[in-house]
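For reference, the structure is listed below as structure tokens.
Numbering (my numbering), first residue to last: 25 to 251.
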């Protein structure tokens, strides 16, 4: 069984949608505990998160500003301990059905793998989304994925938004990979269609958004699975 970390900050519309996908598309028999973190939101996100009910033991971590995703991840890692798997999902991440089963199967087939990134970094076959997946070695993974807590002999140092990347650079012995073919994971902050594009623009103006450009419309095949 795994621990599941969900974190958010001031993106209420995203949080509502991604919690809905998480609730519907997760095999909760695999989840020991959920850690719901709000990083000092002021737009109603905290109040929404405190009312969330999921079919697993839930730890609510609200009411304060934690200081960014790395500080939040470190707090969860200290609690979970060294011999577990942590699945980290951000509040822009729409996970598809069966996502956790697929990812844990990959971790089981690759016991020396420490960090498994699940963003759509490689194409995924829409008609064959449940085929056996392999891995593609990575220099670093993003903030979304599965992590063996045994890899964290030292914790990442908070450094703005990218302290986890710096930690991976400092620890080349940590084995990192992406799923390949990828799961159809949808990132709302990169959606090229409304209302998500306009919401992302608004979040960017308020500095509530990650500093990445949305996918271009030419990548629309990424979203066909959700039609």
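Ideal Cβ positions, reconstructed from N, Cα and C, are used throughout, including at glycine.
Could you tell me if residue i is buried or exposed, where buried requires 16 or more neighbouring beta carbons within 10 angstroms of its beta carbon?
i           : result
residue 250 : In this predicted model, residue 250 has a pLDDT of only 46, less than 50, meaning its place in the structure is not dependable enough to derive any value.
residue 232 : buried
residue 206 : buried
residue 66  : exposed
residue 245 : Residue confidence for residue 245 is low, a pLDDT of 48 falling below 50, so the modelled location carries little weight; the figure read from the coordinates is stated next. With fewer than 16 Cβ atoms within 10 Å of its Cβ, residue 245 is classed as exposed.
residue 183 : exposed
residue 70  : buried
residue 136 : exposed
residue 175 : buried
residue 172 : buried
residue 225 : exposed
residue 34  : buried
residue 215 : buried
residue 193 : exposed
Whose C-beta lies closer than 6 Å to the C-beta of residue i among residues of the same chain, with five residues either side of it excluded?
i          : result
residue 52 : 79 and 80
residue 87 : none
So, at 8 Å on beta carbons, what are the nonlocal neighbours of residue i in its own chain, with the 5 sequence-adjacent residues on each side left out?
i           : result
residue 27  : 55, 56, 57, 58, 59, 100, 104, 108, 109, 110 and 111
residue 89  : 63 and 64
residue 190 : 180, 181 and 183
residue 123 : 49, 50, 142, 207 and 209
residue 138 : 171, 172, 174, 175, 198, 199 and 200
Since residue i is in the beta strand (DSSP E), which residue starts that stretch and which ends it?
i           : result
residue 161 : 158-161
Throw me the rounded Cβ distance for the residue i and residue j pair, which I believe falls under 8 Å.
i           : j           : result
residue 165 : residue 187 : Rounded, the Cβ-Cβ distance is 14 Å, inconsistent with contact.
residue 120 : residue 198 : No, residue 120 and residue 198 are not in contact; Cβ-Cβ is about 27 Å, not under 8 Å.
residue 212 : residue 118 : 6 Å
residue 72  : residue 40  : 6 Å
Over what stretch of residues does the alpha helix (DSSP H) that includes residue i continue unbroken?
i           : result
residue 45  : 36-49
residue 187 : 187-194
residue 124 : 123-133
residue 101 : 93-104
residue 223 : 220-229
residue 73  : 69-74
Starting from the C-beta of residue i, find all residues in its chain whose C-beta is less than 7 Å away, skip the five residues before and the five after it, and write them out in chain order.
i           : result
residue 37  : 223
residue 167 : 93, 112, 114 and 188
residue 76  : 43 and 60
residue 106 : 173 and 174
Verify the contact flag: residue i, CB atom, against every heavy atom of the ligand NAP, threshold strictly below 7 Å.
i           : result
residue 176 : The ligand NAP is not part of the structure shown, which contains no ligands of any sort.
Checklist entry - Given 8 Å as the limit, is there contact between the stretch 171-190 and the stretch 87-95, that is, 3 or more CB pairs closer than that? => result yes
Checklist entry - With contact counted as at least three CB pairs below 8 Å, one residue from each stretch, are the stretch 126-139 and the stretch 43-50 in contact? => result no
Checklist entry - Touching or not, the stretch 210-225 and the stretch 155-162, by the rule of three or more beta carbon pairs under 8 Å? => result no
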